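Student:
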Amino acid sequence: MIAKLTGQLITKSPTTIILDVQGVGYEIFIPLSTYFALPDLQAALSLNILTHVREDAIQLFGFLTIPEKEAFVMLTGISGVGGKLALSVLSTLSVSDLITAIQTDDTDKLASVPGIGKKSASRMALELKDKVARLNPDSAVPTQATLPDQIQDDAVSALVNLGYRPRDVKDMVTKISRDQPNSLPLDDLIREALKQLSKH
Numbered sequence: 468m469i470a471k472l473t474g475q476l477i478t479k480s481p482t483t484i485i486l487d488v489q490g491v492g493y494e495i496f497i498p499l500s501t502y503f504a505l506p507d508l509q510a511a512l513s514l515n516i517l518t519h520v521r522e523d524a525i526q527l528f529g530f531l532t533i534p535e536k537e538a539f540v541m542l543t544g545i546s547g548v549g550g551k552l553a554l555s556v557l558s559t560l561s562v563s564d565l566i567t568a569i570q571t572d573d574t575d576k577l578a579s580v581p582g583i584g585k586k587s588a589s590r591m592a593l594e595l596k597d598k599v600a601r602l603n604p605d606s607a608v609p610t611q612a613t614l615p616d617q618i619q620d621d622a623v624s625a626l627v628n629l630g631y632r633p634r635d636v637k638d639m640v641t642k643i644s645r646d647q648p649n650s651l652p653l654d655d656l657i658r659e660a661l662k663q664l665s666k667h
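Position 188 of the sequence shown, counting from 1, maps to 655 under this note's numbering, and the rest follow consecutively.
1) What would DSSP say about Val-548, mapped onto helix, strand or coil?
2) Could you check the C-alpha separation between Gln-489 and Phe-496 for me, to the nearest Å?
3) Buried or exposed for Asp-523, please, with buried defined as at least 16 other CB atoms from any protein chain shown within 10 angstroms of its CB.
4) Quick one: what's Ile-525 bridged to in DSSP?
5) Around the Cβ of Asp-621, are there at least 16 other Cβ atoms within 10 angstroms (buried) or fewer (exposed)?
6) Thinking Thr-574 and Ala-588 are a contact (beta carbons under 8 Å), I'd like their distance in whole angstroms, please.
7) Mind reading off the beta-carbon distance from Leu-531 to Leu-514? Whole number of angstroms is fine, and I expect it under 8 Å.
8) Buried or exposed: which applies to Ile-525, given that a residue is buried once 16 or more other Cβ atoms fall within 10 Å of its Cβ?
9) Glu-659 and Leu-653 look like a contact to me (Cβ under 8 Å); what is the Cβ gap, rounded to whole Å?
10) Relative to the C-alpha of Ser-558, which candidate in Thr-478, Val-491, Ile-583 and Thr-473 has its C-alpha closest?
11) Once the 5 residues before and after Val-556 are set aside, which same chain residues still bring their CB inside 6 Å of it?
12) Please state whether DSSP places Ser-561 in a helix, a strand or coil.
13) Is it buried or exposed for Gly-529, if we count other Cβ within 10 angstroms and need 16 for buried?
14) Beta strand (DSSP E) containing Lys-479: first to last residue?
15) Which word fits Ile-533, buried or exposed, when buried means at least 16 other C-beta atoms lie within 10 angstroms of its C-beta?
16) So Leu-531 is in the beta strand (DSSP E); what residue range does that whole segment cover?
17) Run through DSSP, which three-state label would Phe-503 get?
18) How far does the alpha helix (DSSP H) with Thr-574 in it reach, from first residue to last?
19) Any idea what DSSP makes of Ser-589, helix, strand or coil?
20) Going by beta-carbon coordinates alone, are Leu-517 and Lys-479 separated by less than 7 Å?
21) Does the Cβ of Lys-585 have 16 or more other Cβ atoms within 10 Å, making it buried, or fewer, making it exposed?
Next up, the structure:
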């Protein structure tokens, strides 16, 4: 199984990247937390990899930090939680927020993740309560600085990829950006938009 890959970043989007490793391009699915901290295209990049083998496909999931990978493994160990939904959780909640939500039975926060309802949130909190204690979220990934207009475009793209309607996303991102006296970092903007969108 592939556990780590180091190569050149060829393409990137909020959900996938292509990493060129000695002439072989690997498509890797990523959470937004990893996307926020990706370097520029053509730069060197090393990712922790989880290889997911299915009957019809082999998928690679990549993470900049070990806690993200460990959280992903825990999440996909829950019945009914596949790779896509686990990435959605890690794209909506930081590892620290996920740990806190599970330890405090904050099902409202867990249910704010697209694709997770109250019933699934309760099951997730119950099944992971004894497991999240060993996660160490301290190795946080820094967010790259980006121009305000580009931040809004990236936020819209990321949220649409999570399943929200483009018009709703555009309106919410514009509203949040307009209401803030200073430009929000990309991760803060997306998390605030997710919080507001989950209320509607």
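Glycine included, every Cβ here is placed at the ideal spot set by N, Cα and C. Keep in mind the model is a prediction, meaning the values are calculated, not measured.
Tutor: Reading from the atomic positions:
1) In the three-state DSSP reduction, Val-548 falls in the coil class, being neither helix nor strand.
2) CA-CA distance, Gln-489 to Phe-496, rounds to 19 Å.
3) Burial call: exposed.
4) DSSP, once it has assigned bridges, lists Val-520 as partnering Ile-525.
5) Around the beta carbon of Asp-621, 16 or more other beta carbons lie within 10 angstroms, which makes this residue buried.
6) Between Ala-588 and Thr-574 the Cβ distance is about 4 Å, and since that is below 8 Å, they are a contact.
7) The C-beta separation of Leu-531 from Leu-514 comes to about 6 Å, placing the pair in contact by the 8 Å criterion.
8) For Ile-525, the number of other beta carbons within 10 angstroms of its own is below 16, and it is reported as exposed.
9) Not a contact, Cβ separation roughly 11 Å.
10) It is Ile-583 whose Cα lies nearest to the Cα of Ser-558.
11) Leaving aside the five residues that flank Val-556 on each side, the residues in its chain whose CB is nearer than 6 Å to its CB run, in chain order, Leu-542 and Val-580.
12) If DSSP states are grouped into helix, strand and coil, Ser-561 belongs with coil.
13) Buried.
14) Note, Lys-479: beta strand (DSSP E), 471-479.
15) For Ile-533, the number of other beta carbons within 10 angstroms of its own is below 16, and it is reported as exposed.
16) Neither: Leu-531 is in no beta strand (DSSP E) and is coded neither H nor E.
17) In the structure shown, the three-state DSSP call for Phe-503 is coil.
18) According to the DSSP assignment, Thr-574 belongs to the alpha helix (DSSP H) that extends over 574-578.
19) It is helical.
20) Taking 7 Å as the Cβ cut-off, Leu-517 and Lys-479 do not qualify as a contacting pair.
21) Looking at its Cβ environment, which holds fewer than 16 other Cβ atoms inside 10 Å, Lys-585 is exposed.
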